[in-house]
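>
Numbering (full-length UniProt numbering), first residue to last: 1 to 254.
1) Here's the rule I'm using: 16 or more other beta-carbon atoms within 10 Å means buried, otherwise exposed. How should residue 39 be labelled?
2) Distance, Cα to Cα, residue 252 vs residue 86?
3) Give the secondary structure of residue 188 by DSSP, where H, G and I count as helix, E and B as strand, and everything else as coil.
4) Are the beta-carbon atoms belonging to residue 61 and residue 116 less than 8 Å from one another?
5) Go ahead and label residue 108 buried or exposed: buried means 16 or more other beta carbons lie within 10 angstroms of its beta carbon, across all protein chains shown.
6) Whose CA, out of 163, 218, 172 and 198, lies closest to the CA of residue 119?
7) DSSP three-state call for residue 10: helix, strand or coil?
8) In whole angstroms, give me the CA-to-CA distance for residue 165 and residue 66.
9) Do residue 153 and residue 185 have their C-beta atoms closer together than 8 Å?
10) Should the segment 241–249 be regarded as contacting the segment 208–226, the criterion being three or more beta carbon pairs within less than 8 Å?
11) Going by CA-CA distance only, name the one from 8, 5, 12 and 214 that's closest to residue 97.
12) Does DSSP put residue 74 in a helix, a strand or coil?
13) In whole angstroms, give me the CA-to-CA distance for residue 193 and residue 181.
14) For residue 100, count neighbouring Cβ atoms within 10 angstroms of its own Cβ and tell me buried if that reaches 16, exposed if not.
15) Round the Cβ separation of residue 44 and residue 76 to the nearest angstrom and send it over; I've been treating them as touching at under 8 Å.
16) From which residue to which residue does the beta strand (DSSP E) around residue 247 run?
17) From residue 168 to residue 134, what does the alpha carbon distance come to, in whole angstroms?
18) Starting from residue 199 and walking both ways along the beta strand (DSSP E), at which residues does that stretch end?
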């Protein structure tokens with residue numbers, strides 16, 4: 001695998017930013033002879049992390065190598081993958097600008113069936129949010145200990161850098177908005193939208209476990225396809241390292 005660290009000027013963010021990329025190696029990649037057919041996982045960090053987290057704390061490169069999978073790891077600050085009211089447009093950055101930018105550099109497929117998204121904690125919320133708002137772009141999405149009940153966190157107020165006013169402005173609730181995963185999944189079920197395959201995992205000792213159970217119960221009640229796993233574990237990298245390996249094994253990759 002090739003490991004590339006990119007620093008570039010994002011027009012969407014109006015500043016320079018970083019992204020880590022791991023790419024299956026081939027003599028043809030940088031000569032223009034390689035078909036743009038590499039399957040890609042967009043991997044999102046949690047609150048308090050950045051683009052470097054998965055390379056530092058997991059064996060993501062080794063796991064991706066077995067599947068010949070490219071992995072793109074951007075930064076999104078404390079945004080909860082939202083176009084912030086008083087800040088940067090991180091939802092647009094992650095869901096639109098990054099895929100376009102990366103595909104102009106590397107031979108990554110733009111086909112829905114070849115693109116996946118995953119993340120932990122804030123990134124687990126972000127992966128489901130992006131996949132549910134852009135279901136035509138991703139074949140599968142995975143949440144690792146995701147902050148899936150965003151309205152519950154919103155009501156709790158600012159915590160660990162989660163400044164709700166900078167992200168959402170003067171909104172009093174996130175319920176029944178496009179920030180609310182419970183609302184999105186119910187709306188899609190009612191409208192018969194073809195959704196990406198969903199994978200959800202959480203440790204039973206995780207402080208977000210109850211939120212994850214509520215989301216799981218709703219998806220199962222709606223009879224939507226969901227692969228759900230739980231087991232002993234807290235909100236920490238030992239759990240996520242094993243979980244991302246299982247996610248990559250689960251991805252619909254031939």
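Note that the Cβ used here is the ideal one computed from N, Cα and C, for glycine as well.
From the atom records:
1) Position 39 of the chain shown holds residue 39. It is buried - the Cβ of residue 39 has at least 16 other Cβ atoms within 10 Å.
2) Against the chain shown, residue 252 aligns to sequence position 252. Against the chain shown, residue 86 aligns to sequence position 86. For residue 252 and residue 86, the distance between alpha carbons rounds to 38 Å.
3) One-based indexing of the chain shown puts residue 188 at position 188. Helix.
4) The residue given as residue 61 occupies position 61 in the chain shown. The residue given as residue 116 occupies position 116 in the chain shown. The answer is no: Cβ separation not under 8 Å.
5) Sequence index remark: in the chain shown, residue 108 carries index 108 (1-based). Residue 108 comes out buried.
6) Residue numbering aside, residue 119 sits at position 119 when the chain shown is read from its first letter. Among 163, 218, 172 and 198, the Cα nearest to that of residue 119 belongs to 198.
7) Taking the chain shown and counting its residues from 1, one reaches residue 10 at position 10. Strand.
8) To locate residue 165, count along the chain shown from 1; it is residue 165. To locate residue 66, count along the chain shown from 1; it is residue 66. Going by the C-alpha atoms only, they are around 43 Å apart.
9) The residue you call residue 153 lines up with position 153 of the chain shown. The residue you call residue 185 lines up with position 185 of the chain shown. Contact: no.
10) no
11) One-based indexing of the chain shown puts residue 97 at position 97. Taking only the C-alpha atoms, the option nearest residue 97 is 12.
12) Residue 74 sits at position 74 when you count from the first residue of the chain shown. Of the three classes helix, strand and coil, the one that applies to residue 74 here is strand, per DSSP.
13) The count along the chain shown starts at 1 and reaches residue 193 at position 193. The count along the chain shown starts at 1 and reaches residue 181 at position 181. Answer to the nearest angstrom: the Cα atoms are 15 Å apart.
14) Here residue 100 refers to the residue found at position 100 of the chain shown. Exposed, because fewer than 16 other Cβ atoms sit within 10 Å of the Cβ of residue 100.
15) Position 44 of the chain shown, counted from the start, is the residue given in the question as residue 44. Position 76 of the chain shown, counted from the start, is the residue given in the question as residue 76. That belief holds up - the Cβ atoms of residue 44 and residue 76 are roughly 7 Å apart, short of 8 Å.
16) Reading the chain shown from its first residue, position 247 is the one you call residue 247. Looking at the DSSP string, residue 247 is not in any beta strand (DSSP E); the run it does join, the alpha helix (DSSP H), is 237–250.
17) Looking up residue 168 in the chain shown gives position 168. Looking up residue 134 in the chain shown gives position 134. Cα to Cα, residue 168 sits roughly 20 Å from residue 134.
18) Numbered from 1 along the chain shown, position 199 holds the residue referred to as residue 199. Per DSSP, residue 199 belongs to the beta strand (DSSP E) from 197–203.
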